[in-house]
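Visitor: According to full-length UniProt numbering, the first sequence is numbered sequentially starting from 1.
Dropping the structure in here first, questions after.
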Amino acid sequence: MSDRFDAGAADQRWQQRWEESQLFAADSASARPKAYVLEMFPYPSGRIHMGHVRNYTMGDVLARYKRMTGHEVLHPMGWDAFGMPAENAAMERKVHPGAWTYENIATMRGQLKRLGFALDWTREFATCDPEYYGHQQALFLDLLEAGLVFRKESEVNWDPVDMTVLANEQVIDGKGWRSGAPVERRKLNQWFFRITRFADDLLDGLGDLEKWPDKVKLMQENWIGKSQGLQFRFALDRPAGTADLDAVEVFTTRPDTIFGASFVAIAADHPLAMAIAADQPDAARFIEQCKAGGTSAADIETAEKQGYDTGLKAVHPFDADWQLPVYIANFVLMDYGTGAVFGVPGHDQRDHEFATKYGLPIQRVVAPSADEADEPIGEEADDREGVAVHSRFLDGMETEAAKAEVIRRAEAEGWGEGKTVYRLRDWGISRQRYWGTPIPIVHCESCGPVGVKREDLPIRLPEDVSFDVPGNPLDRHPDWKKIDCPRCGQPATRETDTLDTFVDSSWYFVRFASQPGDRPFDKEEASAWLPVDQYIGGVEHAILHLLYARFITRALQHVGRLDIAEPFAGLFTQGMVTHETYQSLDGRWLGPDEIELGEDGQVIEKTSGGGVRKGRVEKMSKSKKNVVDPIPIVDRYGADAARWFMLSDSPPERDLEWSLGGIEGAARFVQRVWRLAGSEKGEGGEDKALERKLHRTIVAVGEAIEGLQFNKAVAALYELTSAIEKAEPSSARDAAIDTLLRLIAPMAPHLAEEAWAARGHQGFIADAPWPEHDPALLVDDEVTMVVQVNGKLRDKMQVARGIARDKAEEMALSLPKVSQILGDNPPRKVIVVPDRLVNIVA
RNA sequence: GCGGACGUGGCGGAAUGGUAGACGCUGCCGACUUAAAAUCGGCUUUCCGAAAGGAAGUGCGGGUUCAAGUCCCGCCGUCCGCACCA
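Right under this line is the structure:
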C-alpha cells in the first residue's frame with residue numbers, strides 16, 4: 001500500500017466498477033426486505049450546489065447502510081425539470097427551454113456521479129420527458145373523471161405593462177420584476193384539484209406518521225386549519241336593492257365574542273360589495289384600490305388595514321336595536337369562510353387596528369376571570385381564552401361553553417348553524433406558461449371543456465415557440481391549439497395552460513418504483529416498494545410539496561391506481577448550507593475566491609487590495625456571491641472528504657456552515673484511516689479495552705445512521721480511530737481495522753473499497769454485511785458515580801456496577817470532601833440514582 | 001401580519017431532568033526534520049490562585065425540582081414557510 005490515499009484514482013476506479021457490475025440497480029422481484037430511500041429530486045438549474053451534496057450524501061449513507069444490513073435498496077435519481085428558470089433562460093439567451101434543461105441535466109448527472117452516490121441510474125427520468133408527462137396527463141384524466149378536478153375563477157398577479165401573469169416571487173414590493181409596473185390582481189378562469197375533499201383525511205393521516213418530525217406535522221395541521229365555528233346571517237337594516245342582498249352571511253371561530261362585535265367587514269370582491277359599488281362610485285373606487293398589489297398572503301396581511309364604510313347597518317342577532325356598521329375591508333379574503341366577518345377589536349389584533357383607525361368601540365368581552373371584567377383593553381387586543389364578561393346571558397361562562405351556547409341558540413332560533421371550516425383551499429394548478437405539462441383538455445363551444453382521448457396522449461409541447469414577448473407561447477402559437485372536439489368532432493381549441501410543477505413532483509416517487517411503458521406505473525410493483533421508507537429534503541418543502549404529494553397519493557388510491565394513502569413513511573428535513581458573506585467597503589458582494597488574508601491578518605480584496613467587510617453567515621446564493629462550487633472541492637480533496645465533511649459536526653437538521661478548515665480536517669481523516677489500514681499487522685493477542693470500544697462504536701454508529709444523526713456517527717468513528725491508533729499491534733487490532741472500514745463504508749465508500757481490497761478482501765465492501773456487536777462487551781464492571789452536595793459536584797467514586805443504594809450512600813458520606821462540607825450536621829436527605837450519582841441535601 | 005423552529009467556549013457542536021463543553025476546527029507549546037510540509041504528543045470556557053483548589057457559566061428575566069442546557073411562564077434575537085420559486 002502506498003503512503004498516501006490517492007482519492008482521484010480511487011474515486012474513478014470504484015465508480016467505474018460499481019457501474020460495470022450494476023451494483024445499485026434495484027430488483028423489484030428480490031426476496032430481500034425492501035428499503036426505499038429517496039432524496040427530493042433536484043431542479044436542473046445548471047450545476048449542483050452544496051445543498052445537493054449534503055442532501056444526497058445523507059440519503060446515500062442510509063442507502064448503503066441498508067444495503068449492508070441485508071436490504072434490497074431502491075435509491076433512484078431524476079429531475080424536476082419543468083419550471084420558470086428554463087423560460088427565463090430562453091428569454092435572456094435565446095435557447096430553447098428543452099435544450100437548456102437537458103444540457104443542465106447532462107452536466108449535473110456527471111457531477112452527481114463524481115460524488116460516488118449509490119444510485120440506481122437505470123430508473124432515471126426527467127419530468128419534462130414526454131413519456132413522463134404523458135402518463136401524468138393520464139392521471140389528470142383519472143382525477144377529472146373522478147370529479148377531483150374543477151374550474152373556477154381565481155386571482156393572479158397581473159403585470160399591466162408586460163401583459164403577463166407573474167409568480168409571487170416575481171412581484172417585488174408590489175411591482176413587476178421586469179417592467180417595474182405596479183401589479184394588479186386579476187381574475188382568471190383556472191383549473192383546480194379538489195384537495196379540500198381530503199382535508200379531514202390529510203389531517204387524520206398525520207397521526208400515523210410516526211417517523212415524521214413533529215414540527216412538520218404541526219405546520220401541516222395548522223395549514224389545513226380545521227376549525228369549528230358559527231356561520232350565521234346578519235340582517236341588513238336597509239336592503240341594498242335586491243332581495244338576496246338583505247343579509248350578509250359571516251363565519252366566526254369565536255362566537256363567544258359576539259357581544260364584543262363593533263363592525264362587520266366584507267371582502268372587496270364579495271357580491272354585496274359589488275352590488276354596493278354599482279350605485280356608490282366611492283365604493284367602486286375603494287374596491288379598485290384593493291386590487292392593487294400582489295396576491296400573496298404576506299403582501300395582503302402586512303398591508304395597512306383599510307376599510308370603506310358602506311353606510312349599511314347589520315342588525316345584531318341577539319338585539320334588534322343594536323346596529324353594526326358594514327365596511328368593505330382589504331384584509332378580508334373571499335376564499336376563506338364566507339368572505340365576511342364581524343370584528344371584535346377587544347380580542348383580535350387585526351380588528352383592534354381597524355377599530356382604532358376608524359374610531360369604533362373596543363369592548364372587553366373575555367377576561368381571565370369575572371373579577372377582571374372591567375380591565376381596559378390596552379394598545380393590543382387580548383386574544384386569550386377565559387370567561388365571558390359584558391356578554392349578557394353568556395356572562396361567567398368559560399370560552400368553550402360560551403361558544404357552544406351561542407351556536408345552540410343560533411340553531412334553535414334559526415339564524416345560524418355550527419360549521420366546520422378549513423383554512424386549506426383547493427389547489428390551483430393552472431399556469432399560463434409554456435414549460436410545463438400541457439393540461440389535456442379541449443374547449444368546445446358546444447360541449448364545454450372535454451378531456452382529450454387517452455390514445456392521443458401524450459399531448460406534446462410544440463417545439464417551435466418563441467419567447468420574444470412575455471406571455472404564454474402556447475396561446476400565441478399559430479396552430480398548436482387548433483383541434484377538433486374529442487366528443488362532437490367540431491372545431492375546438494386546446495387548453496393552453498400548463499400544470500403547476502408541484503403536480504410533477506407529487507407522484508415521481510411512484511414512477512421510480514415502477515415504470516412500465518404503457519401506463520404510469522404498475523400497482524403491484526409500486527406496492528412492493530412504497531411507501532418511501534426514508535424521504536429526505538429541505539424543510540422549505542414542509543407544507544406545499546409534502547401536502548400535495550400526500551393528496552395525490554390519496555387521489556390515486558381513490559381512483560384505484562394505488563393502494564396506499566401515505567407516500568412517505570419516514571421524513572427528514574435537512575438544514576441549509578451557509579457561508580460567510582463578504583462585501584467590499586463600497587458595498588459590492590465578493591465571492592470567497594475574490595478575497596484573501598492580507599499580511600496583517602485583515603481580509604482584503606485580491607484584485608485591489610482594498611478592505612473587506614465580513615458579512616453575516618447566510619444561505620449560499622448567487623446574489624450574495626457566497627456560493628462554493630462542490631466540484632472543484634471534490635477534484636482537490638476527493639469525493640470521500642467532501643462527503644465526510646458534509647456529515648461532520650453540524651446536526652443534519654440544522655444549517656451547516658461551509659469552511660475550508662472543515663474540508664481539510666475531513667481530508668486529513670481520510671488519510672489517517674488509510675495509514676491505519678496499511679499499518680503493521682499484529683500476531684495473536686487480545687485487547688479487551690479496544691474490543692469494548694469497537695463494539696460500542698458498532699452500536700453507536702448503527703443507531704446514529706438509523707436516526708440520521710450523522711454527526712454523532714462521525715464523532716464515534718473519530719474516537720474509534722484514535723483508539724485503534726493508540727493500541728498495540730495484535731490480531732484484535734487488525735480485526736478492529738477491518739470492522740472500522742465497514743463502519744465508514746457508507747460515508748467514505750471509495751476509501752473503504754480501496755482499503756478493503758488492499759487488505760486482501762474479496763468482493764465489494766458495499767456488499768459486505770454490517771458488523772454485528774457482542775452485547776457482553778457493551779457494559780463495564782465498574783462505573784463512576786458522581787457525588788453531589790446540594791446539587792453541586794464535589795467528588796466522584798469508582799464503584800462496582802449495580803452497587804446497592806445504601807452501600808453507595810455510605811461510601812459517599814464517608815468521603816473526606818463530603819464530611820468536610822457537612823461538618824457535624826447529619827444530612828437532611830440523600831438521593832441515590834443507581835450507578836449514576838449520590839446527591840446529599842445538607 | 002399569521003404559522004413553525006432555533007439560541008451552549010474563539011468556531012461547528014455533544015449532553016434518557018443526574019459529571020456542561022464529547023468529537024472536530026482554530027490557536028499555542030513540544031517532538032521529528034538541515035529546513036519546511038506531513039505526522040505524532042500536550043494544552044485550549046471565563047475569572048481568582050504559584051499550585052492545590054475555588055467561584056461563575058448554556059440569549060435575557062422569573063418559576064418548578066434534591067438536581068434544569070433540558071420542564072413551565074414572559075421577553076429578546078435569528079432563520080424557514082405563507083398557496084404562481086423550486
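Glycine is no exception: its CB is placed at the ideal position from the N, C-alpha and C atoms.
As the structure is a prediction and not an experimental result, all values here were calculated from the model.
Along the chain, where does the alpha helix (DSSP H) that runs through S819 open and close?
Guide: 816 to 822
Visitor: What's the C-alpha gap between V95 and R67?
Guide: When rounded, the separation of the alpha-carbon atoms in V95 and R67 is 42 Å.
Visitor: Any idea what DSSP makes of F568, helix, strand or coil?
Guide: strand
Visitor: Is L647 buried or exposed, if buried means 16 or more other CB atoms sit within 10 Å of its CB?
Guide: buried
Visitor: I need the boundaries of the beta strand (DSSP E) containing M797, first residue and last residue.
Guide: 792 to 800
Visitor: On the CB-based measure, 16 or more other CB atoms within 10 Å of its CB, does G601 come out buried or exposed?
Guide: Residue placement at G601 is poorly supported in this model, since its pLDDT is 49, which falls under 50; the coordinates still yield a value, given next. With fewer than 16 Cβ atoms within 10 Å of its Cβ, G601 is classed as exposed.
Visitor: Could you check what DSSP says for V634 in three-state terms: helix, strand or coil?
Guide: Here V634 sits in helix by DSSP.
Visitor: Within this structure, are the beta carbons of R643 and M785 separated by less than 8 Å?
Guide: Contact check for R643 against M785 fails: the beta carbons are separated by 8 Å or more.
Visitor: What would DSSP say about A745, mapped onto helix, strand or coil?
Guide: coil
Visitor: DSSP beta-bridge partners for V326?
Guide: V264
Visitor: Once DSSP output is grouped into helix, strand and coil, what is the label at P775?
Guide: Helix at P775.
Visitor: Taking G662 as part of the alpha helix (DSSP H), name the residues at either end of that continuous run.
Guide: It spans 660 to 677 - the alpha helix (DSSP H) in which G662 sits, taken as one unbroken run.
Visitor: In terms of alpha-carbon separation, which member of A666, T196, A735, A700 lies closest to residue 896?
Guide: Summary: the structure shown does not reach residue 896, with the chain confined to residues 1 through 842, and so no result is reported for it.
Visitor: Hey, would you say V344 sits closer than 8 Å to R423, going by beta carbons?
Guide: Remark: C-beta atoms of V344 and R423 do not approach each other more closely than 8 Å.
Visitor: Please report the straight-line C-alpha distance between L230 and K419, rounded to a whole angstrom.
Guide: 6 Å
Visitor: Would you mind listing the beta strand (DSSP E) stretches within the UniProt domain "Aminoacyl-tRNA synthetase class Ia" (423 to 580) that are 3+ residues and don't spill past its ends, in chain order?
Guide: 441 to 444, 448 to 451, 482 to 484, 491 to 494, 534 to 538, 571 to 574
Visitor: Using a 10 Å radius around the Cβ and a threshold of 16 neighbouring Cβ atoms, would you call S391 buried or exposed?
Guide: buried
Visitor: May I have the straight-line CA-CA distance separating R109 from T739, to the nearest angstrom?
Guide: R109 and T739: Cα-Cα distance of roughly 32 Å.
Visitor: Using the rule of at least 16 other Cβ atoms within 10 Å of the residue's Cβ for burial, across every protein chain shown, is Q820 buried or exposed?
Guide: exposed
Visitor: Going by the beta-carbon positions, is the gap between Y36 and V532 smaller than 8 Å?
Guide: yes
Visitor: Would R561 and T498 qualify as a contact pair, given that the criterion is a beta-carbon distance under 8 Å?
Guide: no
Visitor: Would you kindly work out how many angstroms separate the C-alpha atoms of K829 and V789, rounded to a whole number?
Guide: 10 Å
Visitor: Among residues of its own chain, excluding the 5 on either side of F467, which ones have a beta-carbon nearer than 7 Å to its beta-carbon?
Guide: E87, A90, M91, P473
Visitor: Expressed to the nearest angstrom, what Euclidean distance is found between the alpha-carbon atoms of Q220 and V628?
Guide: Rounded to whole angstroms, Q220 to V628 spans 33 Å at the Cα level.
Visitor: Under DSSP, the alpha helix (DSSP H) around S722 begins and ends at which residues?
Guide: Start and end: 710 to 726.
Visitor: Looking at the secondary structure, which residues open and close the alpha helix (DSSP H) in which W100 lies?
Guide: It spans 97 to 114 - the alpha helix (DSSP H) in which W100 sits, taken as one unbroken run.
Visitor: Measure the alpha-carbon distance for V841 versus D780 and round it to whole angstroms.
Guide: 29 Å
Visitor: What does the alpha-carbon distance come out to for the pair E413 and K403?
Guide: 16 Å
Visitor: Could you tell me the boundaries of the alpha helix (DSSP H) in which M785 lies?
Guide: That residue, M785, is in no alpha helix (DSSP H); its beta strand (DSSP E) goes 782 to 789.
Visitor: Residue 843 lies in the beta strand (DSSP E); which residues open and close that run?
Guide: Lying outside 1 to 842, the shown extent of the chain, residue 843 is not represented and no answer is given.
Visitor: Look at the Cβ atom of D687, then the Cβ atom of S722, and state whether they are nearer than 8 Å.
Guide: no
Visitor: Nearest-angstrom Cα distance between Q15 and F117?
Guide: Going by the C-alpha atoms only, they are around 9 Å apart.
Visitor: Between the C-alpha atoms of R93 and E103, what's the straight-line distance to the nearest angstrom?
Guide: 14 Å
Visitor: Around the C-beta of A7, are 16 or more other C-beta atoms found within 10 angstroms, so that it is buried, or is it exposed?
Guide: That one is buried.
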